[in-house]
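Numbering (my numbering), first residue to last: 140 to 529.
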């Protein structure tokens with residue numbers, strides 16, 4: 140059952156409030172046909188077509204894949220006597236403009252929305268900030284904060300955070316982001332722990348650890364509690380600067396506040412990847428001396444790091460300390476160290492070091508056979524390599 144889209148010599152059939160074409164026709168051809176039929180109907184009568192209720196217009200606009208055709212429907216419907224678009228229609232068309240990067244049309248429609256005096260929801264601005272972030276337009280994301288104020292709305296903390304995240308990706312916008320953060324309270328927006336973390340991370344990556352530390356301490360003055368991410372950000376930054384003692388102090392503070400010590404894994408990984416193996420070893424020793432057991436991933440990272448630079452004895456030493464504290468190395472750790480032990484020139488000395496490792500009494504669930512798996516895999520690779528050279 141089809142109804143006429145407009146009353147004219149040329150009828151455009153509508154099914155379920157949508158301009159209808161065969162599904163077999165490609166989408167871009169459908170759009171061209173829609174535009175041709177739409178303009179033909181207007182030219183035939185010379186009158187503004189009747190679209191029906193605002194709800195029907197909303198559905199029709201939502202169904203259009205071409206944002207320019209959707210805009211034309213919006214404009215023609217607006218010229219009907221006593222017609223007023225719904226807020227949802229504005230939102231749908233704004234999103235179409237944003238996703239298709241028609242930003243000048245988006246700005247025009249925003250001004251029109253403001254003059255239409257619709258009640259505005261915070262969701263609109265969340266969408267806009269996301270669109271600008273995806274389009275790599277930090278300046279527009281920043282201006283959205285003040286656009287919210289122009290609509291006589293109060294920005295939410297989540298708006299602030301999304302804008303900050305968009306800005307700090309660009310180094311030149313770090314200072315504007317910091318200024319917005321500091322001024323936010325003047326507009327009734329209170330930064331939360333996430334706000335602080337966003338800026339702390341950005342300043343740490345920019346080499347400004349002192350500013351990040353200052354932000355960390357200000358959280359306590361503002362009755363905010365840092366979370367594990369706050370500690371992780373600073374600990375990683377300190378480790379990158381070889382300030383291991385500072386990282387250990389932060390780690391202790393984190394533990395005293397009841398946080399799970401996942402940060403040890405992350406920071407030690409970072410140290411090993413940066414080549415600061417001695418610092419990483421000291422860091423782990425410090426933790427062990429305080430009664431904290433390192434995660435197996437920490438041990439694996441250190442063993443792999445020492446093996447990569449030929450310091451096999453130190454790698455065996457890490458395994459020894461781990462086993463002494465009842466921590467079983469992962470099978471992957473054995474598979475890293477065994478081939479290296481077999482390759483080094485001073486086989487007797489390294490072999491003795493490995494024997495010391497295997498003498499350590501460990502928990503019942505630990506499987507020494509894992510070391511054998513590592514050796515077996517090494518020998519298989521060696522045989523295959525020799526076969527290819529024959």
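Glycine included, C-beta positions come from ideal geometry on N, C-alpha and C.
Practice item. May I ask you to verify whether the stretch 249-263 touches the stretch 274-282, counting CB pairs closer than 8 Å and requiring at least 3? Key: no
Exercise for review: Look at the alpha carbon of residue 339 and the alpha carbon of residue 195, and state the distance between them as a whole number of angstroms.
Suggested key: Their backbone Cα atoms lie some 49 Å apart in a straight line.
Check your understanding: With contact counted as at least three CB pairs below 8 Å, one residue from each stretch, are the stretch 292-301 and the stretch 326-333 in contact?
Key -> The stretch 292-301 vs the stretch 326-333: in contact.
Review point. Where residue 430 and residue 270 are concerned, what is the direct C-alpha to C-alpha distance, given to the nearest angstrom?
Key: 49 Å
Exercise for review: Go to residue 459, then tell me how far its alpha helix (DSSP H) extends in each direction, as first and last residue.
Suggested key: Counting along the chain, the alpha helix (DSSP H) containing residue 459 begins and ends at 451-463.
Exercise for review: Compare the Cα-Cα distances from residue 231 to each of 266, 220, 416 and 221 and report the closest residue.
Suggested key: Answer by Cα proximity: 266.
Point to revise | Anticipated Cβ contact below 8 Å, residue 299 with residue 332, distance rounded | key: With a Cβ gap of about 13 Å, residue 299 and residue 332 do not count as contacting.
Exercise for review: Entirely within the stretch 305-371 and at least 4 residues each: give me those alpha helix (DSSP H) ranges in chain order.
Suggested key: Those alpha helix (DSSP H) runs which fall completely within the stretch 305-371 and span 4+ residues are 313-322, 332-344 and 348-360.
Point to revise | Secondary structure, alpha helix (DSSP H): runs of 4+ residues fully inside the stretch 210-288 | key: 226-238, 242-254 and 261-273
Review point. Checking contacts by CB at 7 Å: is residue 312 closer than that to chain B?
Key: Absent here is chain B; the protein component of the structure consists of one chain.
Check your understanding: Is it the case that the Cβ atoms of residue 442 and residue 479 are separated by a distance below 7 Å?
Key -> no
Check your understanding: Among 353, 354 and 348, which one has its Cα closest to the Cα of residue 377?
Key -> 348
Practice item. Under 7 Å Cβ to Cβ from residue 449, same chain only, skipping five residues before and after it: list those, please. Key: none
Check your understanding: DSSP three-state call for residue 300: helix, strand or coil?
Key -> helix
Review point. From what residue to what residue does the alpha helix (DSSP H) around residue 478 run?
Key: 470-482
**Study point:** Simplified DSSP assignment, three categories, for residue 205
**Key:** In this structure, residue 205 counts as coil in the three-state DSSP scheme.
Review point. DSSP state of residue 193, grouped into three classes?
Key: helix
Point to revise | residue 127 (DSSP reduced to helix, strand or coil) | key: Since the first residue shown for the chain is 140 and the last is 529, residue 127 is missing from the structure and cannot be characterised.
Check your understanding: For the candidate residues 481, 423 and 471, whose alpha-carbon lies nearest to that of residue 456?
Key -> The candidate whose alpha carbon is nearest that of residue 456 is 423.
Review point. By Cβ distance, which residues of its chain are closer than 8 Å to residue 370, with the 5 residues on each side in sequence left out?
Key: Within the same chain, residue 370 has close Cβ partners 389, 390, 392, 393, 398 and 402.
Point to revise | Through-space distance from residue 467 to residue 303, alpha-carbon basis | key: 43 Å
**Study point:** Supposed close pair residue 438, residue 459 - CB separation, criterion 8 Å
**Key:** That pair is no contact at about 11 Å.
Check your understanding: Would you call the CB atoms of residue 416 and residue 445 closer than 7 Å?
Key -> yes
Exercise for review: Give every residue of the same chain whose Cβ lies closer than 6 Å to the Cβ of residue 201, excluding the five residues on either side of it in the sequence, and list them in chain order.
Suggested key: 231
Check your understanding: Taking the alpha carbon of residue 264 as the point to measure from, which residue in 241, 209 and 288 has its own alpha carbon closest?
Key -> 288
Point to revise | C-beta contact flag for residue 236 and residue 206 at 7 Å | key: yes
Review point. Per DSSP, what kind of secondary structure is residue 385 in: helix, strand or coil?
Key: helix
Exercise for review: Whole angstroms is fine: what's the gap from residue 262's alpha carbon to residue 219's?
Suggested key: 29 Å
Exercise for review: Between the Cα of residue 305 and those of 203, 323, 283 and 321, spot the shortest distance and give me the residue it belongs to.
Suggested key: 283
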